[in-house]
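2 protein chains.
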Amino acid sequence: MDSKYFKIYNDITVKIEKKEITPNTKLPSENEMMTLYDVSRDTVRKALNMLESNGFIQKIKGKGSFVLDINRFDFPVSGLTSFKELAEKLGQKSNTHVKELELISPDDYLMRHLKLSPEDEVWKVIRVREIGNRKIILDKDYFNKKYVPELTKEICEDSIYDYIENELNLSISFAKKEITVQQATSEDKVLLDLKNYDMIVVVKTHVYLEDASLFQYTESRHRPDKFRFVDFARRQH
Amino acid sequence: MDSKYFKIYNDITVKIEKKEITPNTKLPSENEMMTLYDVSRDTVRKALNMLESNGFIQKIKGKGSFVLDINRFDFPVSGLTSFKELAEKLGQKSNTHVKELELISPDDYLMRHLKLSPEDEVWKVIRVREIGNRKIILDKDYFNKKYVPELTKEICEDSIYDYIENELNLSISFAKKEITVQQATSEDKVLLDLKNYDMIVVVKTHVYLEDASLFQYTESRHRPDKFRFVDFARRQH
DNA sequence: CAGTGGTCTAGACCACTAT
DNA sequence: TAGTGGTCTAGACCACTGT
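Have a look at this one:
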């Protein structure tokens with residue numbers, strides 16, 4: 001969006017990421033920002049609260065807002081970023097192989113996870129992700145055909161999220177993730193470069209649109225030594 | 238705290254958790270809530286935004302606020318909850334064995350992680366967590382003595398967080414977590430009931446106080462089959 | 001004491017959804 | 001057209017921090 005508070009938020013995150021503002025620096029006070037950006041105090045505060053809840057700054061009563069020491073590499077790549085976005089952010093060379101792409105009728109497992117009726121159809125996409133010439137991640141995606149009527153190999157090799165957000169104009173809103181560790185299946189061993197590992201990290205994700213409808217279920221299977229998840233959490237007061 | 242918006246937030250979360258409000262129900266509109274709670278619209282909105290970012294509701298422009306379908310078991314137990322809080326929430330019988338409790342001078346590794354000078358002293362606590370008679374988690378906690386001057390076996394067996402927040406009156410603000418999977422060490426194998434697993438899930442956490450000072454570093458080592466992490470994420474717009 | 005962030009209010013205009 | 005949530009403003013009072 002191009003709301004005023006988002007512009008302020010963006011302005012400051014960019015400056016922090018470019019290291020124009022360094023950690024532990026005190027940001028201008030809310031009053032100063034009002035005149036700096038020519039907005040009301042509430043608008044400044046909205047931007048600052050976003051910065052705080054995303055781990056960029058810490059506000060301290062009576063003192064001011066301070067930039068936190070977050071080095072790029074530690075930063076929560078978690079949340080809701082696609083594989084392509086992630087790879088680009090980390091500057092890694094990556095490759096995607098589409099192993100399967102078909103329209104199927106859901107079995108019980110899928111019906112439960114995507115909350116479908118038996119008449120619904122589902123796009124099943126199986127992809128192997130290669131980073132640094134090692135096949136490391138096996139992604140199994142399932143999309144409700146109601147929301148994603150068409151998929152091609154080309155789209156799946158590039159970025160399905162790009163397609164969904166920019167071509168279909170669907171707005172992804174939130175997701176629930178679950179991380180567990182399981183025994184590797186024979187499928188994992190065939191499709192991935194697992195070395196001697198017999199376990200696999202499984203990230204199950206349910207993705208929802210803006211109107212809270214569930215449209216995607218994904219199982220992402222990672223070689224254990226290459227898996228890393230970073231999280232930033234604030235305590236509820 | 239007992240701000241007005243927090244009371245509203247709390248009122249609604251309690252009703253959702255008690256299932257007095259069921260999923261997909263529409264909450265009263267912001268205007269109705271103004272009169273219901275006798276507050277201004279902004280105060281209502283603050284409460285609703287908290288509910289939304291914590292995954293309780295979804296606001297839809299022009300329609301209203303709707304309760305999300307979040308069953309208790311799937312709910313993000315992640316974030317910043319202590320082991321004791323977590324065990325209580327899940328209604329599990331648990332046990333804590335204190336294996337080590339001593340005041341040490343930090344080595345390089347600790348100095349880096351807790352950002353200490355060589356003169357600083359650190360409380361080192363090693364605990365084994367037992368759930369259902371299985372030793373499943375190995376917790377290694379390090380507290381900067383500057384903030385936590387004294388620790389006893391009794392405190393460590395109960396809840397250090399209780400002690401820190403209620404006795405020392407320190408206010409825990411935020412944390413950074415990293416989840417990886419590593420080879421189990423011989424220490425893991427001795428202290429935990431690892432069965433035949435030779436890998437271990439490692440959760441490294443840096444915990445910060447309200448003034449953004451780093452006061453705790455923790456390594457929590459989990460048996461892979463018993464590890465489960467749940468996350469709720471909203472997409473940045 | 002002045003300056004800071006935290007809470008709260010009352011009112012305005014907008015874009016979206018339903019009918 | 002009426003109702004909904006989203007943005008923005010201007011002003012008030014409070015609690016906390018530094019001097």
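Same order as they appear, the protein sequences are chains A and B.
Each residue of the first sequence is one higher than the last, beginning at 1 in my numbering.
Each residue of the second sequence is one higher than the last, beginning at 238 in my numbering.
Glycine is no exception: its CB is placed at the ideal position from the N, C-alpha and C atoms.
Buried/exposed call for S122 of chain A, threshold 16 Cβ in 10 Å: Walking along the first sequence from the start, residue 122 of chain A turns up at place 122. At residue 122 of chain A the sequence reads Val, which differs from the Ser that was named. V122 of chain A is buried by the Cβ-count criterion.
Interface flag, D211 of chain A vs chain B, CB-CB below 8 angstroms: Translated into positions along the first sequence, residue 211 of chain A becomes position 211. So, interface residue.
DSSP-derived helix/strand/coil call for A284 of chain B: Counting from one through the second sequence, the residue named residue 284 of chain B turns up at place 47. Residue state, collapsed to three classes: helix.
N-terminal and C-terminal residue of the alpha helix (DSSP H) that I392 of chain B is part of: As a first step, residue 392 of chain B must be located in the second sequence, where it is residue number 155. Run containing I392 of chain B: K390 to E394, per the alpha helix (DSSP H) assignment.
Residues, ordered as in the chain, of the region 424 to 446 of chain B that lie near chain A by beta-carbon distance below 7 angstroms: From the region 424 to 446 of chain B, only M436 and V438 have a Cβ closer than 7 angstroms to chain A.
Among A:K59, A:L48 and A:V128, the one whose alpha carbon lies nearest that of D193 of chain A: Locating residue 193 of chain A in the first sequence gives position 193, where the first residue counts as 1. Nearest of A:K59, A:L48 and A:V128 to D193 of chain A, Cα basis: A:V128.
C-beta neighbour in chain B for P224 of chain A, strict 8 angstroms: Translated into positions along the first sequence, residue 224 of chain A becomes position 224. Judged by the 8 angstroms Cβ criterion, P224 of chain A is in contact with chain B.
Host alpha helix (DSSP H) of V499 of chain B (start-end): Residue 499 of chain B is absent from the model: chain B starts at 238 and stops at 474.
Member of A:I16, A:L51 and A:S220 whose CA lies at the smallest distance from the CA of I137 of chain A: In the first sequence, the residue the question calls residue 137 of chain A occupies position 137. Comparing Cα positions, the closest option is A:S220.
Length of the line joining the Cα atoms of D139 of chain A and N95 of chain A: In the first sequence, residue 139 of chain A corresponds to position 139, counting from 1. In the first sequence, residue 95 of chain A corresponds to position 95, counting from 1. Taking the straight line joining both Cα atoms gives about 13 angstroms.
Contact between the region 447 to 454 of chain B and the region 150 to 157 of chain A (3+ Cβ pairs under 8 angstroms): Counting Cβ pairs under 8 angstroms, fewer than three are found: no touch.
Given P386 of chain B as reference, the closest of B:E424, B:D357 and B:K255 once Cα atoms are compared: For the purposes of this step, residue 386 of chain B is taken as residue 149 along the second sequence, with counting starting at 1. When each option's Cα is compared against that of P386 of chain B, the closest is B:D357.
Any chain B beta carbon closer than 8 angstroms to F215 of chain A: Reading the first sequence from its first residue, position 215 is the one you call residue 215 of chain A. Not an interface residue.
Y217 of chain A versus A:K93, A:K18 and A:V125, residue with shortest Cα-Cα distance: Position 217 of the first sequence, counted from the start, is the residue given in the question as residue 217 of chain A. It is A:V125.
Residues near E165 of chain A by beta carbon distance below 8 angstroms, same chain, minus five either side: In the first sequence, counting from the first residue as 1, residue 165 of chain A sits at position 165. These residues qualify, in order along the chain: S171 and I172.
Proximity test, Cβ basis, 8 angstroms: V39 of chain A and chain B: By 1-based counting over the first sequence, the position of residue 39 of chain A is 39. V39 of chain A does not count as touching chain B.
Environment of D141 of chain A [buried if 16+ CB atoms lie within 10 Å]: Here residue 141 of chain A is taken as the residue at index 141 of the first sequence, counted from 1. It is buried - the Cβ of D141 of chain A has at least 16 other Cβ atoms within 10 Å.
Extent of the continuous beta strand (DSSP E) run through R371 of chain B: For the purposes of this step, residue 371 of chain B is taken as residue 134 along the second sequence, with counting starting at 1. Unbroken beta strand (DSSP E) run through R371 of chain B: R371 to N381.
Simplified DSSP assignment, three categories, for K241 of chain B: Start at 1 with the first residue of the second sequence, and residue 241 of chain B comes out as number 4. K241 of chain B: helix per DSSP, three-state reduction.
Where Y147 of chain A falls: helix, strand or coil (DSSP): Locating residue 147 of chain A in the first sequence gives position 147, where the first residue counts as 1. Y147 of chain A sits in coil when the DSSP states are folded into three classes, being neither helix nor strand.
Euclidean distance between Cα positions of K244 of chain B and K263 of chain B: Here the question's residue 244 of chain B lines up with position 7 in the second sequence. Here the question's residue 263 of chain B lines up with position 26 in the second sequence. Rounded to whole angstroms, K244 of chain B to K263 of chain B spans 19 angstroms at the Cα level.
Residues of the region 240 to 253 of chain B whose Cβ lies closer than 9 angstroms to any Cβ of chain A, in chain order: F243
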